[in-house]
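In the numbering used here, the protein residues as written are 5 to 93.
Even glycine gets a Cβ: it sits at the ideal position worked out from N, Cα and C.
To keep things clear, I will list the structure first and then write my remarks on it.
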């Protein structure tokens, strides 16, 4: 008789734990969603809201930084433009 009660109790505990877990999951998801809305468009975001990607991808230069030239490169480009030649027929 004690065995049957224990088994019933264990199954109830399992159900309660699962329902608590599902409620907490929903709460955490909505919380994170609200944080995403709050930080959207801001300059700085918390680390856990930033895109994860890989370390290498995160450290790559962005398109704007790739296009920038040093002073020396700018000077060279100005002083020595690419020459265009046309052949006379």
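CA-to-CA distance, residue j to residue i, given in whole angstroms
i	j	result
residue 58	residue 64	10 Å
residue 23	residue 62	38 Å
residue 36	residue 42	10 Å
residue 83	residue 47	38 Å
residue 21	residue 29	12 Å
residue 68	residue 60	18 Å
CB contact flag (residue i, residue j, <9 Å)
i	j	result
residue 39	residue 53	yes
Sequence-distant residues of the same chain with beta carbon closer than 7 Å to residue i, five excluded per side
i	result
residue 44	none
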